[in-house]
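A short worksheet on the structure shown next.
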C-alpha cells in the first residue's frame with residue numbers, strides 16, 4: 000500500500016502542481032510504496048504532476064494515485080502552474096498579516112530573494128517590510144496579470160520572488176486564482192454572432 004487506502008481522497012489533475020506543506024521526506028518509512036519513494040523527491044512546488052511522473056519514471060496514473068493519498072493526509076496542497084499571464088485577487092484573509100506578526104515575518108523570509116551583494120542586501124532589507132508585503136498582496140486585482148503586477152510593483156527592485164509570493168498567498172488563502180473566459184454574444188434579432196468579444200470572469204478559490 001502507498002498509505003492507508005482512502006476511497007474518498009480528492010482527485011488530482013495532471014496539470015496541477017503539488018506543494019509540500021510538511022516535511023514529507025522526514026516521515027517516509029520503509030513500509031511506504033516504492034512509487035511514493037520515487038515521486039516524493041520531485042515535489043518542489045514547481046513541477047506539475049505530468050512532469051513529476053516523467054522525471055520520477057513512473058506511470059502517470061500511479062503518480063496521481065500517490066499524490067491523492069498525500070493530499071488526503073494534508074501533506075501537500077495542489078496549486079495551478081505558475082504563469083505570468085495568471086490572474087489573482089486578494090481575499091479578506093489578508094487581514095491575518097496585520098494581526099499575525101509571526102506569519103508576516105515568515106512570509107517575508109520565504110519570498111525574499113537572496114541578494115547577490117552587500118548593496119543589494121541593504122536595499123532589499125529596507126524595501127521589504129510588513130507594510131510593503133500587505134500592500135503587494137492588496138495590489139493584486141482581477142484585471143491585471145502577474146506579469147503586469149511585477150512591472151507595476153517593481154518587484155525586481157524590491158528583491159521579491161514573485162513565484163514564492165503567489166505560492167505563499169495561495170497556501171494561506173491571502174489570494175485566489177481568477178479564471179477569465181471569452182465568449183461570443185449572438186444578436187437577438189438576427190441570431191448572428193456579434194463581432195465583438197466579451198470576457199466573462201469566473202472566480203475560483205484555491
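Numbering (the numbering used here), first residue to last: 0 to 205.
Ideal Cβ positions, reconstructed from N, Cα and C, are used throughout, including at glycine.
Residue 97 versus residue 128: straight-line alpha-carbon distance, rounded = 12 Å
On the three-state DSSP scale, how would you describe residue 197?
-> Reliability of the predicted coordinates at residue 197 is poor, the pLDDT of 43 falling under 50, and no value is obtained from them.
Closest by CA to residue 94, which one among 51, 132, 30, 34?
-> 132
Segments of 3+ residues assigned as beta strand (DSSP E) that fall wholly inside the stretch 66 to 122 = 75 to 78, 86 to 89
Helix, strand or coil at residue 9 [DSSP, three-state] = coil
What's the C-alpha gap between residue 53 and residue 59?
-> 8 Å
Residue 46 in three-state terms, based on DSSP | coil
Terminal residues of the beta strand (DSSP E) in which residue 174 lies | 174 to 185
Assuming residue 163 contacts residue 110 under a Cβ cut-off of 8 Å, what Cβ separation, rounded to an integer in Å, is found between them?
-> 4 Å
Inspect the beta-carbon positions of residue 38 and residue 77 and report whether they are closer than 8 Å.
-> The answer is no: Cβ separation not under 8 Å.
Going by beta carbon distance, what residues of the same chain come within less than 8 Å of residue 83, once the five residues before and after it are set aside?
-> 144, 145, 146, 149
Local conformation of residue 202 per DSSP, three classes | Because residue 202 sits at a pLDDT of 46, beneath the cut-off of 50, its placement in the model cannot be relied upon, and the following sentence gives the value as read from the coordinates. Correct three-state label for residue 202: strand.
Would residue 66 pass as a contact of residue 75 if the rule is Cβ separation under 8 Å?
-> Yes, these two residues count as a Cβ contact at 8 Å.
Nearest-angstrom Cα separation, counted from residue 41 out to residue 51 | 6 Å
So which of 61, 168, 72, 184 has the shortest CA-CA distance to residue 22?
-> Closest option to residue 22, Cα to Cα, is 72.
How should residue 64 be labelled, buried or exposed, when 16 other C-beta atoms within 10 angstroms of its C-beta is the threshold for buried?
-> Counting every other CB atom within 10 Å of its CB across the protein chains shown gives residue 64 a total of 16 or more, marking it as buried.
Would you kindly work out how many angstroms separate the C-alpha atoms of residue 174 and residue 90, rounded to a whole number?
-> Approximately 5 Å, taken between the alpha carbons.
Which same chain residues, not among the five before or five after residue 88, have their C-beta less than 8 Å away from its C-beta?
-> Counting only Cβ-Cβ distances below 8 Å, and skipping sequence neighbours, we find 139, 140, 141, 174, 175, 177, 202.
Rounded to the nearest angstrom, how far is the Cβ of residue 112 from that of residue 172, given a contact under 8 Å?
-> Incorrect: roughly 24 Å between the Cβ atoms, too far for contact.
If you draw a straight line from the alpha carbon of residue 195 to that of residue 184, how long is it in whole angstroms?
-> Residue placement at residue 195 is poorly supported in this model, since its pLDDT is 43, which falls under 50; the coordinates are not used for a value here.
Please list, in chain order, all residues of the same chain as residue 92 whose beta carbon is under 6 Å from its beta carbon, the five residues on each side excluded.
-> 172, 173
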